[in-house]
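Okay, so here's the structure we're looking at.
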Amino acid sequence: MPAPAAVLHTLLTAYGPQHWWPARTRFEVMIGAVLTQNTAWTNVEQAMAQLRAAVPLTASDLLALPPDRLEQLIRPSGYFRLKTRRLRSLCQWFVAAGEFSALDRLPTTELRPKLLAVHGVGHETADSILLYAFERPVMVVDAYTRRIFSRLGEVSPRIAYEPLREWLEAQLGEERRVARYNELHALLVRHAVVSCRARPRCESCVLRQNCATAKTA
DNA sequence: AACCAGGAGACAT
DNA sequence: ATGTCTCATGGT
């Protein structure tokens, strides 16, 4: 069994289904993907709670907010000036593109470049949106993914984003791709954030000692 | 009380 | 093409 498929099986057995993405609507997935850039999810939750309390979470309602007001609302998630610009550029694109009703009709090969062209949307943010908001079969690669598979000896720790994503997708096969990519990414985060952080010395790690947290292997 | 978090872009080499 | 710096708050 290829390593990524074995890791998926091991983590799924250990932790169970994760039911990702943790958001209430497809649009919230997009907002959350920007807010969580290099930021702990607990901080994002605080920002999302303030946003929900202030306005309906739609692109046009967010664009109607004065930027300095939006800054204050998302402040708990950090980088609040930066992320305000990024949220606004994402919302402007989303509205101009006709929102989900129009974008759902596009093939992934057209949708992905359009997302990547939005200022502030990089590889991981684009792919998170594609997988979790559009349910497209695109594997999400994050720092944990690279760390874990390199510590398992499967890839170089310096492997770039695209080669790693393509390798993972090839290894994971052609069946139930959206569900499997969804579950694997969620489980990798769950493993690193909950299990590795709770047990920094990796007692009874389901994968392998030092697979995710330690800075130096 | 340093250290880090579910990155991305600008800029230099 | 590949490195380094900046951006900011909250939890450990």
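Adding 59 to a residue's 1-based position in the first sequence gives its number in our numbering.
Glycine included, each C-beta is placed from N, C-alpha and C at the ideal position.
- Taking the CA atoms as reference points, GLU242 sits about 35 Å from LEU124.
- Rounded to the nearest whole angstrom, the C-alpha separation of ALA202 and ARG217 is 11 Å.
- Assignment of LEU266 by DSSP, reduced to helix, strand and coil, places it in the coil class.
- Under the three-state reduction of DSSP output, ILE133 falls in the coil class, being neither helix nor strand.
- The C-alpha of ALA118 is placed about 39 Å away from the C-alpha of CYS270.
- Rounded to whole angstroms, the separation of the alpha carbons of ALA192 and VAL237 is 11 Å.
- Between the alpha carbons of LEU190 and ARG205 lies a distance of about 18 Å.
- A direct Cα-to-Cα measurement between GLU234 and GLN131 gives close to 44 Å.
- Contact check for VAL180 and LEU129: beta-carbon distance about 17 Å, past the 8 Å limit, so the pair fails to qualify.
- In the structure shown, the three-state DSSP call for THR84 is coil.
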